[in-house]
Amino acid sequence: MRGKQAESKRRFENKEDEKIRHTDKVMIEVSHLKKSFSNGGSLLHAVDDLSLKMYQGETFGLVGESGCGKSTLGRTIMGLYKASGGTIRLEDQSMGTHYGKQMKREFHQKVQMIFQDPYSSLDPHLMIHQIIAEGIILNDLAKNKKDLDQQVAELLTTVGLDPNFAWCYPYELSGGQRQRVGIARALAVQPELIIADEPISALDVSIQAQIVNLLKKLQKERGLTLLFIAHDLSMVKYISDRIGVMYAGKIVELAQADDLYHCPLHPYTEALISAIPQAVPLREQHKKN
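Read left to right, the sequence shown gives residues 1 to 289 (the UniProt record's numbering).
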């Protein structure tokens, strides 16, 4: 009992489990991060004094119910929201709580995001080629137009789409195909860290496993650091090395995926696990990349 209490205290205090590090290199470190929103005459603390480290080459799963602050955390790290307090460090560079123009450009070449809604996250007025090529052009990653076209075609192939999709508009694609385009767009600038914010929640169940397996494959092949945000603990466990359980703006439990799933210590984690339907688990044979 004493050992379990000590372990519980370690997880509640959000200390890293030394056993699971892929490397000793910290990819991103969030320290005492806060993000609040005005709610009438009061403040809603969506992210409340949260600290977290992610290591190079790991997949970190962030799970919690809607409204717990997990997407706000991802968007604040990405710079889409201005933090109310705290610091964000990418490798050895402090990003502070705001981004200058040049720093923002350098940051977004290293850190990219895959959004929840594959319908609203793609500009409907642009062809798929333009959507994927934008980051390549902004970061001067193509030698010429031929090289640009080749990179776009290769990215589409990488995410399981025919290169001819480059000349389609988003409305001509299904939800799963659009999300693959979103993944290709994120990969286009050769990032080191990808934040995947609920990337499967808007997709049909039949497509969700395909997208998760694609992300898992890409992470392994490219050595990416991946922050995978979702409310489905079974999916998070499948793809993640470590899992952080978020509740009311804080991480209340952090552990290796298997440890957390089989031996949860926080009551909220136990509730999430008990809510998982007892169905056939996700298996490799279902994947389609």
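Heads up, the beta-carbon is just placed ideally off N, CA and C, and yes, glycines get one too. On a predicted model such as this, the values are computed, not experimentally measured, just so you know.
- By how many angstroms is the C-alpha of VAL212 removed from the C-alpha of ILE239? Counting only the Cα atoms, VAL212 lies some 7 Å from ILE239.
- Task: May I have the straight-line CA-CA distance separating PRO267 from LEU226, to the nearest angstrom?
- Result: Looking at the two C-alpha atoms, the distance is approximately 27 Å.
- Query: In whole angstroms, what is the alpha-carbon distance linking HIS98 and GLY40?
  - Reply: Low per-residue confidence applies at HIS98: pLDDT is 48, beneath 50, and the placement is therefore not dependable enough to give any value.
- Please state if the CB of ALA46 and the CB of residue 294 are separated by a distance shorter than 7 Å. Given that the chain is displayed from residue 1 to residue 289, the structure contains no residue 294 and the question cannot be resolved.
- Between the beta-carbon of SER66 and the beta-carbon of SER51, is there less than 7 Å? No.
- Message: To the nearest angstrom, how far is the alpha carbon of ALA142 from that of ASP123?
- Response: Straight across, the Cα-Cα distance linking ALA142 with ASP123 is about 22 Å.
- Task: Give me the Cα-Cα distance between GLN151 and GLU58, rounded to the nearest whole angstrom.
- Result: Taking the CA atoms as reference points, GLN151 sits about 26 Å from GLU58.
- Could you name the residues that DSSP lists as bridge partners for TYR268? TYR268 pairs with nothing; no bridge assigned.
- Query: Whose CA, out of CYS263, HIS262, PHE228, lies closest to the CA of MET246?
  - Reply: Residue PHE228 holds the alpha-carbon nearest to the alpha-carbon of MET246 among CYS263, HIS262, PHE228.
- Message: Quick check on ILE137: buried or exposed, where buried means 16 or more other Cβ atoms within 10 Å of its Cβ?
- Response: Looking at its Cβ environment, which holds fewer than 16 other Cβ atoms inside 10 Å, ILE137 is exposed.
- Query: Of the choices THR72, GLN93, GLU91, LYS146, whose alpha-carbon is the least far from that of ALA83?
  - Reply: Measuring C-alpha to C-alpha distances from ALA83 to each of THR72, GLN93, GLU91, LYS146 identifies THR72 as the nearest.
- Message: In the DSSP assignment, the alpha helix (DSSP H) including GLU65 goes from what residue to what residue?
- Response: Careful: GLU65 lies outside any alpha helix (DSSP H) and carries neither H nor E.
- Let me know the secondary structure DSSP gives GLY244 once reduced to three states. It is a strand residue.
- Item | Top-ranked residue by Cα proximity to PHE60, from ALA202, ILE131, ILE194 | The residue with the shortest Cα to Cα distance from PHE60 is ILE194.
- Go through its chain and collect everything with a Cβ distance to SER121's Cβ below 7 Å, but skip five positions before and after it. Annotation for SER121: PHE115, GLY182 place their beta carbon closer than 7 Å to its own, counting only its chain and skipping 5 residues before and after.
- Query: How should ALA257 be labelled, buried or exposed, when 16 other C-beta atoms within 10 angstroms of its C-beta is the threshold for buried?
  - Reply: Looking at its Cβ environment, which holds 16 or more other Cβ atoms inside 10 Å, ALA257 is buried.
- Alpha carbon to alpha carbon, how far is LYS25 from ASP241? Give it in angstroms, no decimals. Going by the C-alpha atoms only, they are around 16 Å apart.
- Buried or exposed: ARG75, going by 16 or more other Cβ atoms within 10 Å of its Cβ? Counting every other CB atom within 10 Å of its CB across the protein chains shown gives ARG75 a total of 16 or more, marking it as buried.
- Item | Closest Cα partner of ASP140 within the set GLU253, GLN190, VAL205, LYS53 | When each option's Cα is compared against that of ASP140, the closest is GLN190.
- Item | Spatial neighbours of SER94 in its chain, beta-carbon cut-off 7 Å, leaving aside the 5 residues before and after | Once the five neighbours on either side are set aside, the close Cβ partners of SER94 are THR87.
- Under three-state DSSP, which class holds THR97? Since pLDDT at THR97 reaches only 47, below the 50 mark, its modelled position is unreliable, and no value is offered.
- Task: Count the other CB atoms, across all protein chains shown, that sit within 10 Å of the CB of GLU18; report buried if there are 16 or more and exposed otherwise.
- Result: At GLU18, the pLDDT of 45 sits below 50, so the modelled position is not reliable; the number obtained from the coordinates is stated separately. Label assigned to GLU18: exposed.
- Item | 8 Å Cβ shell around TYR119 - same chain, five flanking residues per side excluded | Here TYR119 has PRO170, GLY175, ARG178, ALA202 as same chain residues with Cβ atoms under 8 Å from its own Cβ, once five neighbours each way along the sequence are excluded.
- Message: Whole angstroms are fine: how far does the CA of LEU187 sit from the CA of MET113?
- Response: When rounded, the separation of the alpha-carbon atoms in MET113 and LEU187 is 9 Å.
- Query: To which residues of the same chain is LEU272 closer than 6 Å at the C-beta, ignoring the five residues directly before and after it?
  - Reply: So the qualifying residues of the chain are LEU233.
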